[in-house]
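Novice:
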Amino acid sequence: MKRIADKFFLIYSFLIFAFLFIPIIVMVLFSFNDSKLTAEWHGFTMKWYSELFGASGIWTAFYNSVFVAVVVTVLSALLGTATAIAMSRYKFRGKSAFDGYLYVPIIIPEITEALSILLLYNWVGIPLGLLTVVLGHLTFTIPFAAIVIRSRLAGFDRSYEEAAQSLGASELHTFFRVTLPLIAPGVIAGSLLAFTLSYDDFVKTAFTRGPGVEMLPTTIYNLARRGGVTPELNALATVALLISLVFAFMWQHFASK
Amino acid sequence: MRSSLGKIRQNTRLKVVLLLSPIFLFLMAFFVFPFVITVAYSLGEVDNFNRLIAVTFNLNYYAKALSTTPLTIIAKSLWIATVTTVLCLVMGYPVAYWIGVKAGKWKSLAVLLLIVPFWSSFLIRTYAMMSLLTRGGVINTVLINLGLISTPLDLLYNEFSVMLGMVYNYLPYMILPLYASTEKMDLSLVEAAQSLGANRLSSFLRVTLPLTMPGIIAGSILVFVPAVGEFVVPQLLGGTGVFLVGQLIWNQFQSSVGSWAFGSSVSVIVVALVLALVMLYVKRAGGEGMTI
Chain X
15 MKRIADKFFL IYSFLIFAFL FIPIIVMVLF SFNDSKLTAE WHGFTMKWYS
65 ELFGASGIWT AFYNSVFVAV VVTVLSALLG TATAIAMSRY KFRGKSAFDG
115 YLYVPIIIPE ITEALSILLL YNWVGIPLGL LTVVLGHLTF TIPFAAIVIR
165 SRLAGFDRSY EEAAQSLGAS ELHTFFRVTL PLIAPGVIAG SLLAFTLSYD
215 DFVKTAFTRG PGVEMLPTTI YNLARRGGVT PELNALATVA LLISLVFAFM
265 WQHFASK
Chain U
50 MRSSLGKIRQ NTRLKVVLLL SPIFLFLMAF FVFPFVITVA YSLGEVDNFN
100 RLIAVTFNLN YYAKALSTTP LTIIAKSLWI ATVTTVLCLV MGYPVAYWIG
150 VKAGKWKSLA VLLLIVPFWS SFLIRTYAMM SLLTRGGVIN TVLINLGLIS
200 TPLDLLYNEF SVMLGMVYNY LPYMILPLYA STEKMDLSLV EAAQSLGANR
250 LSSFLRVTLP LTMPGIIAGS ILVFVPAVGE FVVPQLLGGT GVFLVGQLIW
300 NQFQSSVGSW AFGSSVSVIV VALVLALVML YVKRAGGEGM TI
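If you read the protein sequences in the order shown, they are chains X and U. According to the numbering used here, the first sequence is numbered sequentially starting from 15. According to the numbering used here, the second sequence is numbered sequentially starting from 50.
#1: Candidates X/Phe158, X/Ala251, X/Thr193 and X/Ser27: which alpha carbon is nearest X/Leu211's?
#2: Quick one: is U/Gln301 buried, meaning 16 or more other Cβ sit within 10 Å of its Cβ, or exposed?
#3: When the Cβ atoms of the stretch 154-173 of chain U are set against those of the stretch 210-224 of chain U, are three or more pairs found closer than 8 Å?
#4: Could you give the first and the last residue of the continuous beta strand (DSSP E) run that contains U/Glu94?
#5: Flag X/Asp113 as yes if its beta-carbon sits less than 8 Å from any beta-carbon of chain U, otherwise no.
#6: With DSSP as the reference, label U/Asn107 as helix, strand or coil.
#7: Give a yes or no on whether the minimum CB-CB distance between U/Ile270 and chain X is below 8 Å.
#8: Would you tell me roughly how many angstroms separate the C-alpha atoms of U/Leu285 and X/Leu196, rounded to the nearest one?
#9: For X/Asp214, which residues in chain U fall below 9 Å Cβ to Cβ?
#10: Does the stretch 43-50 of chain X come close enough to the stretch 239-251 of chain X to have 3 or more Cβ pairs within less than 8 Å?
#11: What are the partner residues of X/Phe23, as DSSP defines its beta bridges?
#12: Would you kindly report the start and end of the unbroken alpha helix (DSSP H) that includes U/Val139?
#13: Take X/Ser72 as the anchor and find which of X/Thr252, X/Asn236 and X/Glu228 has the nearest alpha-carbon.
#14: Look at the alpha carbon of X/Arg164 and the alpha carbon of X/Ser90, and state the distance between them as a whole number of angstroms.
#15: For chain X, find out if any of its Cβ atoms is closer than 8 Å to the Cβ of U/Ala114; answer yes or no.
#16: Classify U/Met339 as helix, strand or coil using the three-state DSSP reduction.
#17: What separation, rounded to the nearest whole angstrom, lies between the Cα atoms of U/Val281 and U/Lys64?
#18: In the DSSP assignment, find the unbroken alpha helix (DSSP H) run with X/Leu51 in it and report its ends.
#19: For X/Phe23 and U/Trp147, which I take to be in contact (beta-carbon distance under 8 Å), what is that distance rounded to the nearest angstrom?
#20: Between U/Ala89 and the rest of its own chain, which residues show a CB-CB distance below 6 Å, the 5 nearest in sequence each way excluded?
#21: Compare the Cα-Cα distances from U/Leu197 to each of U/Val317, U/Gly264 and U/Asn189 and report the closest residue.
#22: Using the beta-carbon of each residue, which ones in chain X are nearer than 7 Å to U/Trp299?
#23: Start and end of the alpha helix (DSSP H) containing X/Asp214?
#24: Quick check on DSSP: helix, strand or coil for U/Leu101?
#25: Measuring straight from C-alpha to C-alpha, what distance separates U/Arg255 and X/Leu167?
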């Protein structure tokens, strides 16, 4: 009886994983297919990739998306770490309310936030560009980074810091030489998440980028909307996916530390 | 003694203020204040260029947002988000249970396989689903080659393809927090229940389910909330047949004929509904000490 139940769970889980992966695998496979038709195999080719990267717009989109994500990551790591440290170490009045304040931006539908920030830019008169995308992403990447870093601070042993200070290290010195190295895996994990959230974001990016500013997700969306399924788009999506995969593996590496 | 304690307290307060004021001010400026502007727009007077002239507290845009057509769209979006959440929970729970409790040597591989879709772009995964379902796509080609059908099926651009796309995209968001709580579950409690005579069903309902409640709550919120405002899935997989509130809002801002004030009022209604439903849900499910 127990044996049968165990088998059921194994087979069922395998089927769910197949469901999650088959569409992606098929898409990647057909990005190497030597035919304009997207569903019959005509042999291996790399031509869609060379065509793709021959188009200059794609490079700009890649550059813009990575640039925004890097700036977002650095700022999220800084503010996320400061927030996580304050929230995990100190007791203060209004702490649970502040917790709620941090959670709200990540539990309301993204499109409602996206339009409100567009209204802000319009009202203040800030011209849309890459900077406005960065500011738009930060409202959700900082709280997410703070949550990840804070969860790593939960089991933090403060005796190392006390030892450093009783041996005469200043508070600042203790932070950089003792605390930061100890929480580094958490900060890295939070940064990886911030990067991916920014790099993959479509809705807020679409609302906050300036006219004509090509970003990777908006390019992919426009191609899918206008041209439907094409081998070139399969290739572009595969390359974009590859970067996300690298981040997933790095996350797994730092998450187990 | 007293004064040094006072000094430590003052020092702590200073540190908290220094550490938290950047995020506090940032969210005030780029989250709270924009939302105030949204409310102002929804209650305001707007010119032909979507510029806010005055906040007159007129309720015209709310009246328009609550008229039959937009209200039906909002209701349909809530319905599709609810069905998506329930399907993800029912489909995902056994997987989370397997990974957290039974996977053994497969566990680290299974977790990695779960993280990959979780970390992959939503848009790309929606496109991948589109490439599978389209008329000239893989499913139709395989079925035709097998001789099962002679003309391609219209698998895309209907309610079925939207539901499939939603479940496909959101399933990892359900399984991951569920797994976090099945993994932490104390199995000896389940064994104790069974050795005290509880059958499988009642030990599941009365022990396993309550123990994994934090994961169920977190997973449901992570799926339901973004699903209500979902834009990409109905836009790419839904065609003209399925039109949800995310698309309604999008069109007000991304087309030249859209009304920002109307879009704002719809958005305010959606936010109020979502927050109310989430609070009600957390309260009813008894989610204390919930973590994402």
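Beta carbons are placed, not taken as given, at the ideal position from N, Cα and C, and that holds for glycine.
Specialist: Considering the structure as presented:
#1: Counting from 1 along the first sequence, the entry for residue 211 of chain X is found at position 197. Out of X/Phe158, X/Ala251, X/Thr193 and X/Ser27, X/Phe158 has the C-alpha closest to the C-alpha of X/Leu211.
#2: The count along the second sequence starts at 1 and reaches residue 301 of chain U at position 252. Buried: at least 16 other Cβ atoms inside 10 Å.
#3: Touching, yes, given that three or more Cβ pairs across the two stretches are closer than 8 Å.
#4: Walking along the second sequence from the start, residue 94 of chain U turns up at place 45. Boundaries of the beta strand (DSSP E) around U/Glu94: Gly93 to Val95.
#5: Counted from its first residue, the first sequence places residue 113 of chain X at position 99. With 8 Å as the cut-off, X/Asp113 does not count as an interface residue toward chain U.
#6: Counted from its first residue, the second sequence places residue 107 of chain U at position 58. Annotated three-state conformation of U/Asn107 is coil, per DSSP.
#7: Taking the first residue of the second sequence as 1, we reach residue 270 of chain U at position 221. Yes - at least one Cβ of chain X is within 8 Å of the one on U/Ile270.
#8: Mapped onto the second sequence, residue 285 of chain U falls at position 236. Mapped onto the first sequence, residue 196 of chain X falls at position 182. In a straight line, the C-alpha of U/Leu285 is about 45 Å away from that of X/Leu196.
#9: Sequence index remark: in the first sequence, residue 214 of chain X carries index 200 (1-based). Going along chain U in sequence order, the residues near X/Asp214 (Cβ under 9 Å) are Trp168, Ser169, Ser170, Phe171, Leu172 and Ile173.
#10: With the cut-off at 8 Å, the stretch 43-50 of chain X and the stretch 239-251 of chain X touch.
#11: On the first sequence, residue 23 of chain X is found 9 positions in, with the first residue counted as 1. X/Phe23 is not bridged to any residue.
#12: By 1-based counting over the second sequence, the position of residue 139 of chain U is 90. Under the DSSP assignment, U/Val139 falls in the alpha helix (DSSP H) whose first and last residues are Thr117 to Tyr146.
#13: In the first sequence, counting from the first residue as 1, residue 72 of chain X sits at position 58. It is Ile, not Ser, that sits at residue 72 of chain X in the sequence shown. It is X/Glu228 whose Cα lies nearest to the Cα of X/Ile72.
#14: Residue numbering aside, residue 164 of chain X sits at position 150 when the first sequence is read from its first letter. Residue numbering aside, residue 90 of chain X sits at position 76 when the first sequence is read from its first letter. Going from the Cα of X/Arg164 to the Cα of X/Ser90 covers about 13 Å.
#15: For the purposes of this step, residue 114 of chain U is taken as residue 65 along the second sequence, with counting starting at 1. It does not; no Cβ of chain X falls within 8 Å.
#16: Within the second sequence, residue 339 of chain U is the residue found at index 290, counting from 1. Since pLDDT at U/Met339 reaches only 46, below the 50 mark, its modelled position is unreliable, and the value read off the structure follows with that caveat. Three-state DSSP puts U/Met339 in coil, outside helix and strand.
#17: As a working mapping, residue 281 of chain U is identified with position 232 in the second sequence. As a working mapping, residue 64 of chain U is identified with position 15 in the second sequence. Across the structure, U/Val281 and U/Lys64 are spaced so that their CA atoms are roughly 43 Å apart.
#18: If you number the first sequence from 1, residue 51 of chain X lands on position 37. Unbroken run through X/Leu51: none, as it is neither H nor E.
#19: As a first step, residue 23 of chain X is located in the first sequence; it is residue number 9 there, counting from the start. As a first step, residue 147 of chain U is located in the second sequence; it is residue number 98 there, counting from the start. In this structure X/Phe23 touches U/Trp147 by the C-beta definition: roughly 4 Å separates them, less than 8 Å.
#20: Start at 1 with the first residue of the second sequence, and residue 89 of chain U comes out as number 40. Within the same chain, U/Ala89 has close Cβ partners Val104.
#21: Taking the second sequence and counting its residues from 1, the one referred to as residue 197 of chain U is at position 148. When only C-alpha atoms are compared, the closest one is U/Asn189.
#22: Taking the second sequence and counting its residues from 1, one reaches residue 299 of chain U at position 250. Near U/Trp299 (Cβ distances below 7 Å), the residues of chain X are Ile125.
#23: Translated into the one-based positions of the first sequence, residue 214 of chain X becomes position 200. Its alpha helix (DSSP H) spans residues Leu194 to Asp214.
#24: In the second sequence, the residue the question calls residue 101 of chain U occupies position 52. Here U/Leu101 sits in strand by DSSP.
#25: Taking the second sequence and counting its residues from 1, the one referred to as residue 255 of chain U is at position 206. Taking the first sequence and counting its residues from 1, the one referred to as residue 167 of chain X is at position 153. About 33 Å.
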